[in-house]
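Enquirer:
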Amino acid sequence: MRPIRLPEPPGDGMMETPEIFAGGGGGGGATVVRRAVLIGNGSPGAENQCLGLARALGLADNLTLYRVTRPRGGINEWLHFLPISLHKFIDQVLRQFFRNTRFALVVQGRKPYRVSNGGSVGLAAILEADVKKIVTVARDTYEKEGPTLVVACGWDTISYSSLIRKLASDNVFVIQIQHPRSRLDRFDLVVTPRHDYYALTASGQQEIPRLFRRWITPQEPPGRNVVLTVGALHQADSAALRLAAIAWHDELAPLPKPLLIVNIGGPTEPNPHMGHLAWADAFVVTADSVSMLSEACSTGKPVYVIGSEHCKWKLSAFHRLSGTVGLSAPSLDWKM
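Under the numbering used here, read the sequence shown as residues 74 to 409, first letter to last.
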């Protein structure tokens with residue numbers, strides 16, 4: 074489709090629709106983007122990046138989140154290395170072949186398919202990704218609504234987003250978050266961290282053994298359709314933090330100040346992370362999570378890192394870059 078000009082993010086705390094998405098834009102009504110389709114893989118880290126980009130573009134109130142899910146249970150737990158389309162095909166064949174035999178439990182396991190819900194990302198419901206349905210809606214509503222912005226993140230979403238662009242290239246603008254490793258021309262835009270290209274830098278060439286280089290992607294410099302970021306995209310903007318400050322007021326407001334939050338990660342429910350971002354005066358974050366560090370750094374508060382001296386290759390490059398641009402402080406000599 075004809076290129077669209079992505080706008081600057083809305084002003085601080087503002088979630089209004091940018092001008093290019095609300096009307097005009099110099100290209101006529103057919104180039105105005107008013108809605109977004111997001112495709113996630115069930116990982117909050119991936120889906121939050123999609124939601125964060127949609128919020129930054131002023132489309133938070135007009136989006137639909139789809140999810141790509143793999144079969145689960147039984148032998149399926151050993152098939153996650155396969156492309157998702159092949160995995161689903163094998164699962165269907167095995168279920169049909171063994172459904173009335175004593176091997177059914179081995180094939181299907183005791184775990185049900187993942188239930189699609191949006192609790193982890195703040196939505197009431199999430200639909201199973203269906204390429205044909207997304208393409209049909211994009212085509213049928215194009216004349217009235219303009220092109221559909223498709224944003225996907227995660228390895229399992231690549232085949233879905235690329236096929237959507239192939240089938241409806243005149244009706245969609247497809248953004249793939251995180252490097253797809255090959256054939257970047259399948260997408261209108263690729264948004265990926267700068268450290269994904271560490272293997273191509275002088276430091277990377279020295280640090281990574283020659284034997285491994287041919288297997289590490291990407292192997293070419295970023296092209297014109299690649300946007301590089303310092304860290305990960307997220308939805309911890311000022312509006313979201315204000316809501317989190319209200320939601321976590323009773324728990325966090327009474328604590329003595331200054332409040333130092335130490336983020337280790339884990340399955341705590343309800344997750345207090347957004348409340349921590351809103352109420353903390355400073356953060357201590359483990360070096361293994363680019364997402365948590367990116368969210369903490371975006372608040373403008375002091376961020377200290379534990380364990381970055383143990384990081385290698387591209388993760389080490391991320392910590393050096395974030396320190397160079399002043400997003401985080403040097404590593405703490407933390408004794409656990």
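Don't be surprised by glycine CBs; every beta carbon is placed ideally from N, CA and C.
If I follow the unbroken beta strand (DSSP E) through Ala225, where does it start and stop?
Expert: Looking at the DSSP string, the run of the beta strand (DSSP E) that includes Ala225 is Thr221 to Cys226.
Enquirer: Residue ranges of each alpha helix (DSSP H) run of no fewer than 4 residues wholly in the segment 293-323, ordered along the chain?
Expert: 311-320
Enquirer: How is the alpha helix (DSSP H) around Val263 delimited, first residue to last?
Expert: Where Val263 is concerned, there is no enclosing alpha helix (DSSP H), although the beta strand (DSSP E) it sits in stretches over Leu262 to Pro266.
Enquirer: Report yes or no: do the segment 304-313 and the segment 324-331 share at least 3 C-beta pairs separated by less than 8 angstroms?
Expert: no
Enquirer: Can you tell me which of Pro295, Gln279 and Leu284 puts its alpha carbon nearest to the alpha carbon of Asp269?
Expert: Pro295
Enquirer: Please tell me whether Val141 and Asp229 are closer than 9 angstroms, where the distance is taken between their beta carbons.
Expert: Yes.
Enquirer: Within the continuous beta strand (DSSP E) that includes Ala109, where are the two ends?
Expert: Arg108 to Gly113
Enquirer: Which residues does DSSP pair with Glu201 in a beta bridge?
Expert: Arg140
Enquirer: Starting from the C-beta of Gly86, find all residues in its chain whose C-beta is less than 6 angstroms away, skip the five residues before and the five after it, and write them out in chain order.
Expert: Residue confidence is low: Gly86 scores 44 on pLDDT, short of 50, so the model does not pin down where it sits. No coordinate-derived value is stated.
Enquirer: Suppose you measure from the CA of Val365 to the CA of Val376; what does that come to, to the nearest Å?
Expert: The displayed chain sequence assigns Met, not Val, to residue 365. Taking the straight line from one Cα to the other gives about 11 angstroms.
Enquirer: Buried or exposed, going by whether 16 or more other CB atoms sit within 10 Å of the CB of Ala275?
Expert: By the neighbour-count rule (16 or more Cβ atoms within 10 Å), Ala275 is not buried but exposed.
Enquirer: Which residue or residues does DSSP assign as beta-bridge partners of Ile334?
Expert: Phe356
Enquirer: Thinking C-alpha only, which one of Phe162, Gln279, Leu273 and Asp164 is nearest Glu293?
Expert: Leu273
Enquirer: Does the separation of the CB atoms of Asp258 and Ile248 fall below 9 angstroms?
Expert: no
Enquirer: Could you check what DSSP says for Ile379 in three-state terms: helix, strand or coil?
Expert: strand
Enquirer: Report, in whole angstroms, the separation of the C-beta atoms of Ala318 and Trp352, which I expect to be a contact under 8 angstroms.
Expert: The pair is a contact, with the Cβ atoms about 6 angstroms apart (cut-off 8 angstroms).
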